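Q:
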Amino acid sequence: MKDHVHERIGFREIDAHGNAVQAVSPHVPEPADRERKRTPINPYIIALWVMDAGLAWLGVWALATSVGALVSSPQFVQPAESAEAAQMKFILLSNAPYVLLAALLITAGLLFWHAVQWQKKRPTR
Numbered sequence: 002m003k004d005h006v007h008e009r010i011g012f013r014e015i016d017a018h019g020n021a022v023q024a025v026s027p028h029v030p031e032p033a034d035r036e037r038k039r040t041p042i043n044p045y046i047i048a049l050w051v052m053d054a055g056l057a058w059l060g061v062w063a064l065a066t067s068v069g070a071l072v073s074s075p076q077f078v079q080p081a082e083s084a085e086a087a088q089m090k091f092i093l094l095s096n097a098p099y100v101l102l103a104a105l106l107i108t109a110g111l112l113f114w115h116a117v118q119w120q121k122k123r124p125t126r
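Take 2 as the starting number for the sequence shown in this note's numbering and just add one per residue.
1) State the DSSP-derived secondary structure class of A17, mapped to helix, strand or coil.
2) Rounded to a whole number of angstroms, what is the C-alpha to C-alpha distance between W58 and P41?
3) Quick check on DSSP: helix, strand or coil for I42?
4) Taking the straight line between their C-alpha atoms, what separation do you get for L112 and A103?
5) Please classify S67: does DSSP put it in a helix, a strand, or coil?
6) Helix or strand or just coil, what does DSSP make of V22?
7) Whole angstroms is fine: what's the gap from L105's alpha carbon to F91's?
8) Leaving out five residues before and five after L49 in sequence, what residues of the same chain have Cβ atoms less than 7 angstroms from its Cβ?
9) Can you check whether the CB of A63 is closer than 8 angstroms to the CB of V100?
10) Apply the 10 Å Cβ neighbour rule to S67 and answer buried if 16 or more other Cβ atoms are within range, or exposed otherwise.
11) For G60, which residues of its own chain have a beta-carbon under 7 angstroms away from its beta-carbon, when the five flanking residues on both sides are left out?
12) For E14, which residues from the same chain have a beta carbon less than 6 angstroms from its beta carbon, with the 5 sequence-adjacent residues on both sides left out?
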């Protein structure tokens, strides 16, 4: 019984909803499902962490530089400071709190995202 008519005969199973399931042939084993390879690292999240670290460093540096210029300590005193340097320190002092706030919000968002991803991997009880 090796003709084309009999080779097509297979068992058909029906699931609980009455839908036909793929026919099973005794001569041809079912192909193994290839598992998708998931990369455990999301490059966008890595980029956000790097940007977050850069913003935090920039905010702390800007705050330290501009506040240090206001405080009369010997390491920050510059006798002949140009007008452009004074304006730059004013811009740094004006924007440093917002940069630090952005870094804090990005950190909170990333930690929330990691918590959601961790909880998805945990089995529910």
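All C-beta atoms, glycine included, are put in the ideal place defined by N, C-alpha and C. Since we're looking at a predicted model, the values are computed, not measured.
A: Per the coordinate set shown:
1) coil
2) 27 angstroms
3) coil
4) The straight-line gap from Cα to Cα measures roughly 14 angstroms.
5) In the structure shown, S67 sits in a helix (DSSP, three-state: H, G or I).
6) coil
7) Rounded to whole angstroms, L105 to F91 spans 22 angstroms at the Cα level.
8) I107 and L111
9) Cβ atoms of V100 and A63: closer than 8 angstroms.
10) buried
11) Residues of the same chain with a CB within less than 7 angstroms of the CB of G60, apart from the 5 flanking positions on each side, are A97, V100, L101 and A104 in chain order.
12) V22
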